[in-house]
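Chains as they are written, first to last, in the working numbering: chain A, 7 to 403; chain B, 7 to 403.
Number of protein chains: 2
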Amino acid sequence: MSSLANGQRSLFDASIRYPLTPPLTRGCPETSTEEIAYPVEVDYDYGRVPRELFAQQPGDLDQWAPILPPLVAPGLGEGGTPLIQLEDGVFVKDESRNPTWSHKDRINRCTVSAAAAIGAPGVVVASSGNHGASAAAFAARAGLPCIVLATADTPPAVGSFVSAYGAHVLPVAKEERRPLMRRIVDELGFHPLSNLTETHTGHAYGPEGYKTIAYEIFSEIGVPSAVYVPTGYGELLFGVWKGFTELRLLGLTERAPRMFSCEPAAGAPLARAVAQGLPAVHLKAGPTDAYAIDCDFNGYRGVITVRDSGGAALSLTDDEMRAAQRELSRTGLWYELSSASSLAGLRQVGERDRTGPVVCIATSSGFKDTGVGARPLDPVDPTWDSVLRRLKAAGLR
Amino acid sequence: MSSLANGQRSLFDASIRYPLTPPLTRGCPETSTEEIAYPVEVDYDYGRVPRELFAQQPGDLDQWAPILPPLVAPGLGEGGTPLIQLEDGVFVKDESRNPTWSHKDRINRCTVSAAAAIGAPGVVVASSGNHGASAAAFAARAGLPCIVLATADTPPAVGSFVSAYGAHVLPVAKEERRPLMRRIVDELGFHPLSNLTETHTGHAYGPEGYKTIAYEIFSEIGVPSAVYVPTGYGELLFGVWKGFTELRLLGLTERAPRMFSCEPAAGAPLARAVAQGLPAVHLKAGPTDAYAIDCDFNGYRGVITVRDSGGAALSLTDDEMRAAQRELSRTGLWYELSSASSLAGLRQVGERDRTGPVVCIATSSGFKDTGVGARPLDPVDPTWDSVLRRLKAAGLR
């Protein structure tokens, strides 16, 4: 069945509607101001969505085609990731099991499809890592040229990753990325796969890919009590929330989870916006190793998710995230520090108000961390006595 | 349904049988000699295997429990990886989509289960990377101490990976690993998850995990004409072959694929053993960047797979593997060099004798390669003129 998408509508005022194409890549023209840009979202002909869609065992994104924007670009088997039980009632949604080993593959299937649908000559993305590599992979698969505006301090292993798919990788200073990106969009006609506005709006079709995470969770354990989400600009947070609200809209459930955004305490613009009752704020984030979710401003999507779901905007220190990262790796799951923010959030909240299972979303593998590969292995004297001493010193016997 | 495994039998002489436990970790005691060790395999009560097992959409290894050794250790959602279409009739089985991003997770679920089943105080593995990290992850999940005998030249990023799960990582010279491993097995009672013998026998339960790849391929596209497999000691090659022969044994198909082993030309002991009609050979491998499949000796499992399937033992140069790696990454799939040996093998053979779809198995992500992270990104002057010049120089407009 083909897509039932029938338009775009403003997130600030749902009565303001636009056609489905072209995708609005600078947010809602009517409601956005100098200070704040409001995103749009994709709307569907929900009355025609077949309920059987949700009775299947989850596969990749193609399975949800009726309730996604048109999937014009070919896929790489993105989505359909496992839900791993960590302890009684606590699950980890392992997004490192995607084609480029992060959640970003869900978004890029949809946004590269948008570029292909409008016949764009190429795509451009500003990214510190996962998003850029994923965009490059889907662009390569679709045969579209791709420009990645990376940052000069990209960890070397991530640099290899971003460069692997044949994209044009241009490392520049963080603040130079958006002006360059706008120019590439305006002068070369390339389709932007990441944000162009002062406060975050992102791509109109992006969260549509993320909402399939909610469908998958629902088909495995129903509606959880709460979902904890590593949060940068809040696209993943909003996307998962949108998925659950659609399930409610379709009459498949009456409940929805509380959504907890998990930001690095070093910045946490969403937490500040929520605390101050503002749609968006700018700030200057301090240092954190959770570089994948280290943001100086938030998006309105995050604000409405936390508000409408009755959740909370959490701030996590690097130490809290490191403890969660260690807890995960000691049970066989190795994620980058940013990914561990979700379990860190759960540990901060504890069992308070928990009425059922909870899900922590883990976005990406440990390979993306800044410290990876920085230290060679400590050599060891291979004599038996020495090995035995070392094992005993490590507490083995 | 619980496991229908009912014993171990010699691969050299199927009439020689042993009980299911303890797992024979030094091959078949009765047929092995000073020069050559013969492996054993797990046998099942095939008459009781429910045929409905193969009618389901593939999930993780637990789905195949009746036809696997007892899965005593908890899983991490291993298996159920996607089959990606590369071109008409050519598929890539993407094993980088496992819990530790390689095929090794299938083997370690089974072998760590063996250790848990016999109450071993810990596990030990000799590995250059993927196998060690995967063993460490499943041991951590099962709460078992794990010793990884790494090599001193492990790439730094892989060193971080292997160390992440809390194992005791001991980097030693390649030739020191087996003696130390035997000592750890003999004196500490740790269960070995990798080979202990002079020619390769590996763990009796290992290929059982790999055979689920055949079940998954079968449920998606039936029996392919040929399967190309990155080949080190031939466990994966044999495991996939065993899965297809079981499907035939169970009456689900009459056909079986031709199996092509894909070794680095720098060594290729299996190709030499096959050419000389020997069960196993020793040689001194030259330099290759395909370190994950760089072996000085082969296992008997590979010889019988190539022989019985009517396939061939291929040798691939690093240049051939690099061309295949590049071809894959330009369609959105980034694998380590060793993983690209399978597509390199297919490109070497061409369409000769192809009677249906073919499958290339890709074992692991590009993050594991030796060159990853070695070179920082080239900085770029962020002025528009300079960016435009650089893009034009790269052929963009």
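Backbone N, C-alpha and C fix where the C-beta goes; we use that ideal spot for every residue, glycine too.
What would DSSP say about residue i, mapped onto helix, strand or coil?
i      : result
A/T203 : coil
B/Q91  : strand
A/P151 : coil
A/D342 : In the sequence under discussion, the amino acid at residue 342 of chain A is Glu, which differs from the Asp named in the question. Coil.
B/R328 : helix
A/V164 : helix
B/C410 : Residue 410 of chain B lies beyond the range of chain B shown here (7 to 403); nothing can be said about it.
B/V181 : Checking the sequence shown, residue 181 of chain B turns out to be Glu, not Val. The answer is helix: DSSP assigns B/E181 an H, G or I state.
B/Q63  : coil
B/S140 : helix
A/E58  : helix
B/V131 : strand
A/L402 : coil
A/L186 : helix
B/A156 : strand
A/G372 : helix
Could you name the residues of chain A that residue i contacts, counting a contact when the two beta carbons are closer than 7 Å?
i      : result
B/G95  : Under the 7 Å cutoff, chain A gives no residues; its nearest Cβ is about 16 Å from B/G95.
B/E182 : P388
B/V378 : A163 and S166
B/V175 : L383
On the DSSP letters alone, give me the boundaries of the alpha helix (DSSP H) that residue i sits inside.
i      : result
A/K398 : W390 to A399
B/L241 : For clarity, residue 241 of chain B is Glu in the given sequence; the question names Leu instead. From DSSP, the alpha helix (DSSP H) with B/E241 extends over E241 to L255.
B/V355 : S347 to V355
B/Q282 : P275 to Q282
B/A114 : Per the sequence shown, residue 114 of chain B should be read as Asn rather than Ala. First-last of the alpha helix (DSSP H) with B/N114: K110 to A123.
If you follow the beta strand (DSSP E) that residue i is in, where does it begin and where does it stop?
i      : result
A/M265 : R264 to P270
B/V309 : Not the beta strand (DSSP E): B/V309 falls in the alpha helix (DSSP H), residues Y306 to S315.
B/Y216 : Run containing B/Y216: none in the beta strand (DSSP E); it sits in the alpha helix (DSSP H), G212 to I227.
A/F97  : V96 to D100
B/E40  : Counting along the chain, B/E40 falls outside any beta strand (DSSP E), and DSSP gives it neither H nor E.
B/P236 : A232 to P236
A/Y441 : Chain A is shown from 7 up to 403; residue 441 of chain A falls before or after that span and cannot be answered.
A/L320 : A318 to L322
In chain B, which residues lie with their C-beta within 9 Å of the C-beta of residue i?
i      : result
A/G125 : The contacting residues do not exist; A/G125 stays about 16 Å from chain B at best.
A/D100 : L82, G83 and P105
A/R15  : Going along chain B, no residue has its Cβ under 9 Å from A/R15, so there is no contact; the nearest lies around 32 Å.
A/A132 : By Cβ distance, chain B contributes nothing, its closest Cβ being about 12 Å from A/A132, past 9 Å.
Residues in its own chain within less than 7 Å of residue i by CB, not counting five upstream and five downstream?
i      : result
B/V55  : L10, P72, I73 and L256
A/P230 : I223, P263, G362, P363, V364 and V365
B/S38  : Y44
B/F250 : A220, V229, A262 and P263
B/C301 : G238, Y239, G273, P275 and A291
Using C-beta distances below 6 Å, list every residue in its chain close to residue i, excluding the 5 sequence neighbours before and after it, in chain order.
i      : result
A/R278 : V287
A/V164 : G135 and K374
Taking all protein chains shown into account, decide if residue i is buried (16 or more other Cβ within 10 angstroms of its Cβ) or exposed.
i      : result
B/I299 : buried
A/S108 : buried
B/G370 : Here the sequence assigns Ser to residue 370 of chain B, which means Gly is not the residue at that position. Result: buried.
A/P88  : buried
A/Q62  : exposed
B/P293 : exposed
A/K110 : buried
A/Y239 : buried
B/E41  : exposed
B/G125 : exposed
B/M327 : buried
A/W390 : exposed
B/R115 : buried
Which residues in chain B sit within 7 Å of residue i, going by Cβ to Cβ distance?
i      : result
A/V178 : V386 and P388
A/F144 : G338
A/R189 : W390
A/L402 : P151 and H174
Identify the contact partners of residue i in chain A, using a Cβ-Cβ distance below 9 Å as the criterion.
i      : result
B/Q63  : Q62, Q63 and G65
B/L349 : Residues of chain A passing the Cβ test: none, with the nearest at roughly 15 Å.
Residues of chain B with CB closer than 8 Å to the CB of residue i, please, in chain order.
i      : result
A/L186 : P388, W390 and V393
A/I299 : By Cβ distance, chain B contributes nothing, its closest Cβ being about 20 Å from A/I299, past 8 Å.
A/R147 : T337 and G338
Given that residue i touches chain A, what residues does it touch there, using C-beta distances under 8 Å?
i      : result
B/G372 : S166, F167 and A170
B/P363 : Result: empty, since nearest Cβ-Cβ is about 16 Å, beyond 8 Å.
B/L243 : Ordered by position in chain A, no residue passes the 8 Å Cβ test against B/L243, which lies about 23 Å from the chain.
Closer than 7 Å to a non-hydrogen atom of the ligand SAH - does that hold for the CB of residue i?
i      : result
A/D314 : Only the bare structure without any ligand can be found here, which leaves the ligand SAH out of the picture.
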